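Read the sequence shown against the working numbering and you will find it ends at 449, with the numbers running on by one and no gaps. We put the beta carbon where it would ideally sit given N, CA and C, even for glycine. Note that the coordinates shown come from a computational prediction; the quantities given were computed from them, not determined experimentally.
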Amino acid sequence: MFKKSIYRFTGVALLGTCLLGSCTTAKKYNDLLAQKVKLEREKADCQSTLARTTKERSDLSKQVTELTEFRTKLATDTTLLGSTLRKTQGVYADLSDTYDKLIRNHDRLLANSALESSKLSKDLARREDELKALNETLMRNRSQLDQLSTDLKSREERLNELERILAEKDKAVNALKNKVSNALLGFNSKDLSVDVRNGKVYVSLSEQLLFKSGSTKVDAKGQDALRKLAAALKDQQDVNVVVEGHTDDVPVSKGTVGMQDNWDLSVLRATEITRILTGAGLAGTKITPSGRAQNVPVDAAKTAEARQKNRRTEIILTPKLDELFQILEGN
Numbered sequence: 119m120f121k122k123s124i125y126r127f128t129g130v131a132l133l134g135t136c137l138l139g140s141c142t143t144a145k146k147y148n149d150l151l152a153q154k155v156k157l158e159r160e161k162a163d164c165q166s167t168l169a170r171t172t173k174e175r176s177d178l179s180k181q182v183t184e185l186t187e188f189r190t191k192l193a194t195d196t197t198l199l200g201s202t203l204r205k206t207q208g209v210y211a212d213l214s215d216t217y218d219k220l221i222r223n224h225d226r227l228l229a230n231s232a233l234e235s236s237k238l239s240k241d242l243a244r245r246e247d248e249l250k251a252l253n254e255t256l257m258r259n260r261s262q263l264d265q266l267s268t269d270l271k272s273r274e275e276r277l278n279e280l281e282r283i284l285a286e287k288d289k290a291v292n293a294l295k296n297k298v299s300n301a302l303l304g305f306n307s308k309d310l311s312v313d314v315r316n317g318k319v320y321v322s323l324s325e326q327l328l329f330k331s332g333s334t335k336v337d338a339k340g341q342d343a344l345r346k347l348a349a350a351l352k353d354q355q356d357v358n359v360v361v362e363g364h365t366d367d368v369p370v371s372k373g374t375v376g377m378q379d380n381w382d383l384s385v386l387r388a389t390e391i392t393r394i395l396t397g398a399g400l401a402g403t404k405i406t407p408s409g410r411a412q413n414v415p416v417d418a419a420k421t422a423e424a425r426q427k428n429r430r431t432e433i434i435l436t437p438k439l440d441e442l443f444q445i446l447e448g449n
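Here it is, written out as structure tokens:
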């Protein structure tokens with residue numbers, strides 16, 4: 119029954135080790151199992167030696183008994199002739215010597231047998247303790263493997279759920295991009311672009327589409343684009359909107375009313391665009407205006423063309439990831 123339990127446990131241990139891919143756990147388990155087999159074999163050898171010694175002791179005792187009886191019979195036999203007596207006495211002397219030797223051997227064997235028996239008993243007790251400790255270690259390892267298997271299954275379930283949510287978010291982001299692109303089809307691609315980056319939809323609008331140089335007021339064509347964008351986003355309840363104003367590295371003209379530098383220019387433009395979007399029906403709770411000044415250029419060159427690219431407004435559409443965050447916090 120114990121061996122069957124060990125085999126069943128060994129199978130479970132090997133399976134748990136494979137699931138975890140942990141070479142260290144498998145080696146430790148195999149070493150422990152090998153020690154157990156070795157101890158059981160040594161225990162069997164000790165028991166066999168003890169049985170053999172006990173049998174030899176019994177045989178010697180039987181021989182001593184037989185010789186003692188024979189000696190008694192010779193000593194009491196007074197009917198034999200002198201020559202027979204002398205021969206008998208010689209034989210008796212030999213037998214006595216043999217008897218004495220046998221007695222000494224018997225005593226020595228008894229002493230050795232007792233010593234060996236004591237030693238074997240101690241070895242057996244020690245090996246039984248080792249086997250008990252080994253079984254306890256195996257049980258602990260089995261419990262650890264069961265716990266690891268449970269944890270692994272739970273993590274796989276969370277991972278599958280996470281992958282499902284991410285796939286849904288990617289699908290929603292692509293659908294949002296297509297919807298926004300279709301709403302803004304009538305505008306020049308040089309002035310307006312829609313693309314997906316890092317799981318977000320970026321609507322990039324050039325300064326030429328929205329503002330006159332140094333101005334914070336949106337042109338009529340830019341207002342048209344922003345209203346169409348707001349109309350496309352009205353029913354997107356799970357999308358947050360960030361309006362980022364970007365400038366080139368040329369400082370604003372001195373004396374410009376209400377502006378000290380490009381920070382003011384980028385923030386005021388983002389705020390103005392936010393007003394247009396909310397005025398077109400987009401909820402103000404979903405929009406965050408921000409200014410980045412000249413700090414996030416798309417082209418680091420100092421040419422007029424590079425600076426024109428950098429003067430832009432980016433409207434960043436980010437799907438809410440509440441469900442995803444709940445799963446991550448659960449880990």
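Task: Nonlocal neighbours in the same chain, by C-beta distance under 7 Å from Arg175, ignoring five residues either side - done: Leu227, Leu228, Ser231.
- [ ] Quickly, what does DSSP pair Thr389 with across the bridge? List them, please.
- [x] For Thr389, which the question treats as bridged, DSSP gives no partner whatsoever.
TODO: Could you tell me whether the stretch 305-315 touches the stretch 330-338, using the rule of 3 or more Cβ pairs below 8 Å?
DONE: no
Task: Length of the line joining the Cα atoms of Ala301 and Val416 - done: 25 Å
Task: Residue of Ser236, His364, Tyr210, Leu351 minimising C-alpha distance to Ala401 - done: Nearest neighbour of Ala401 by Cα position, chosen from Ser236, His364, Tyr210, Leu351, turns out to be Leu351.
Open item on the list: Quick check: the Cα distance between Thr374 and Arg387, rounded to an integer number of angstroms?
Closed with: C-alpha separation (whole angstroms): 14 Å.
Task: Helix, strand or coil at Asp313 [DSSP, three-state] - done: Looking at Asp313 - three-state DSSP - the assignment turns out to be strand.
Open item on the list: Would Glu390 and Ser322 be called neighbours here (beta carbons separated by less than 7 Å)?
Closed with: no
Open item on the list: For the structure I just gave you, are there three or more beta carbon pairs, one from the stretch 175-195 and one from the stretch 249-259, closer than 8 Å?
Closed with: When C-beta atoms of the stretch 175-195 are compared with those of the stretch 249-259, fewer than three pairs fall below 8 Å, so the two segments do not count as touching.
- [ ] Alpha carbon to alpha carbon, how far is Leu344 from Leu328? Give it in angstroms, no decimals.
- [x] 9 Å
Task: the stretch 158-171 / the stretch 233-242 touching (three or more Cβ pairs under 8 Å) - done: The stretch 158-171, when compared against the stretch 233-242, does touch it at the 8 Å Cβ threshold.
Task: DSSP state of Ala401 mapped onto helix, strand, coil - done: coil
- [ ] On the DSSP bridge assignment, give the partners of Ile434 in chain order.
- [x] Tyr320, Val360
Open item on the list: Can you look up Val477 in the DSSP assignment and give me helix, strand or coil?
Closed with: Nothing about residue 477 can be read from this structure; the chain reaches only from 119 to 449.
TODO: Give every residue of the same chain whose Cβ lies closer than 7 Å to the Cβ of Leu168, excluding the five residues on either side of it in the sequence, and list them in chain order.
DONE: Ser235, Leu238
Open item on the list: Quick check on DSSP: helix, strand or coil for Gly208?
Closed with: helix
Open item on the list: Just to confirm the assignment, what range does the alpha helix (DSSP H) spanning Arg425 have?
Closed with: In the DSSP annotation of this structure, the continuous segment of the alpha helix (DSSP H) that includes Arg425 starts and ends at 422-428.
Task: Proximity below 7 Å, CB of Arg410 to CB of Glu325 - done: Cβ atoms of Arg410 and Glu325: not closer than 7 Å.
Task: Spatial distance of Lys205 from Arg222 (CA atoms) - done: 25 Å
Task: Outcome for Leu294 when other beta-carbon atoms lying within 10 angstroms are tallied against a minimum of 16 - done: buried
Task: Which residues DSSP lists as bridging Thr172, in chain order - done: Its beta-bridge partners do not exist; DSSP assigns none.
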